[in-house]
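**Student:**
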Amino acid sequence: MEKKILIVEDEKKLAGVMALYLKKEGYDVTTVFDGLEGEKIFQNENFDLIILDVMMPGRDGWSLLRKIKSKEDTPVILTTARGEEEDRIFGLELGADDYMVKPLSMRELVLRVNLRIKNKPTFKNEGLDFESMSIDDKKREVIENSIPINLTPKEFDLLLFLCKNPNQVFKREQLLDKVWGYDFMGDTRTVDTHVKNLREKVNFCSNNIKTIWGVGYKLEVPI
Numbered sequence: 383m384e385k386k387i388l389i390v391e392d393e394k395k396l397a398g399v400m401a402l403y404l405k406k407e408g409y410d411v412t413t414v415f416d417g418l419e420g421e422k423i424f425q426n427e428n429f430d431l432i433i434l435d436v437m438m439p440g441r442d443g444w445s446l447l448r449k450i451k452s453k454e455d456t457p458v459i460l461t462t463a464r465g466e467e468e469d470r471i472f473g474l475e476l477g478a479d480d481y482m483v484k485p486l487s488m489r490e491l492v493l494r495v496n497l498r499i500k501n502k503p504t505f506k507n508e509g510l511d512f513e514s515m516s517i518d519d520k521k522r523e524v525i526e527n528s529i530p531i532n533l534t535p536k537e538f539d540l541l542l543f544l545c546k547n548p549n550q551v552f553k554r555e556q557l558l559d560k561v562w563g564y565d566f567m568g569d570t571r572t573v574d575t576h577v578k579n580l581r582e583k584v585n586f587c588s589n590n591i592k593t594i595w596g597v598g599y600k601l602e603v604p605i
């Protein structure tokens, strides 16, 4: 079955070029030209990946990204003419899986899409219990002291991976590869941001995710 990609881009010529290149790769591509139309079609259809422009009429990309990630973990590649570090970090904190600055290289876009879709991580359905925290993989829920914890999809995936591999040290690049699902071409600080968020939201993470200086992180639990 063909993988489905949604392009939400108000520059019609650019959207058409992106669609052409991705269709040549064998993808089923749908293109819309504003945020409201993108939100409507996303709510009615399932996609394997979304390419989302930040600055659009109707609804901006930040708002649409929030809605997408609040419902499911569809990979999202943000595109924008703004390449400032603050914008990149903000997009990653909202749950974006990748970030490309215009003007776009179509070869690079295709490569990033291929890596994102072909290496999308999957996890087995099972429950995990750690002290006061429990994780339901199937329902994608985290409960701490009987209280549900609201995590973004990537925060959940990172926590789940660490819990399935306790007491092991992982470099940031390894976590990007294992959790984000591809050889990351951007800033490894996105791992630091997600760890920071986990520590702020989950007491168990605050106490048990340890920074290994100069290397990365590990989830430390009693054996």
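Mapping the sequence shown onto the numbering used here, position 141 (from 1) lands on 523, and the numbers just tick up by one. Note that the Cβ used here is the ideal one computed from N, Cα and C, for glycine as well.
1. Please report the distance separating the alpha-carbon of N549 from that of P457.
2. Going along the chain, which unbroken runs of the alpha helix (DSSP H) with 4 or more residues stay wholly within the stretch 469-542?
3. In terms of residue numbering, what span does the alpha helix (DSSP H) encompassing D574 cover?
4. With burial defined as no fewer than 16 other Cβ atoms inside 10 Å of the residue's Cβ, what is the status of I433: buried or exposed?
5. If you follow the alpha helix (DSSP H) that Y356 is in, where does it begin and where does it stop?
6. Count the other CB atoms within 10 Å of the CB of L474; is the residue buried (16 or more) or exposed (fewer)?
7. Where do the ends of the beta strand (DSSP E) carrying K592 lie?
8. Under 7 Å between the Cβ atoms of R441 and L418?
9. Can you list, in chain order, the residues of its chain with a C-beta nearer than 6 Å to that of D455? Leave out the 5 residues immediately preceding and following it.
10. Have a look at K395 and G420 and give me their C-alpha separation to the nearest angstrom.
11. Going along the chain, which residues of its own chain have a beta-carbon closer than 8 Å to the beta-carbon of T570, five neighbours each way excluded?
12. In terms of alpha-carbon separation, which member of I531, V495 and K521 lies closest to K385?
13. Rounded C-beta distance between N579 and E537? I'm assuming under 8 Å.
14. If you follow the alpha helix (DSSP H) that K453 is part of, which residue opens it and which one closes it?
15. Does D430 come out as helix, strand or coil in the three-state DSSP assignment?
**Tutor:** Taking the coordinates as given:
1. Using only the alpha carbons, I get a separation of about 29 Å.
2. Fully enclosed alpha helix (DSSP H) runs of 4 or longer: 488-500.
3. Residues R571 to K583.
4. When all chains shown are included, I433 counts as buried.
5. Residue 356 is absent from the model: the chain starts at 383 and stops at 605.
6. Around the beta carbon of L474, 16 or more other beta carbons sit within 10 angstroms, so the residue counts as buried.
7. Where K592 is concerned, the enclosing beta strand (DSSP E) starts and stops at I591 to I594.
8. Note that the C-beta distance between R441 and L418 is below 7 Å.
9. Excluding positions up to five away in sequence, the list reads P535.
10. Rounded to the nearest angstrom, the two C-alpha atoms are 17 Å apart.
11. Apart from sequence neighbours up to five positions away, the residues of its chain that approach T570 with a beta-carbon distance below 8 Å are R554, E555 and L558, ordered along the chain.
12. Across the set I531, V495 and K521, the C-alpha of V495 shows the shortest separation from the C-alpha of K385.
13. 6 Å between Cβ atoms; contact.
14. For K453, the enclosing alpha helix (DSSP H) starts and ends at G443 to K453.
15. The DSSP-derived three-state label of D430 is coil.
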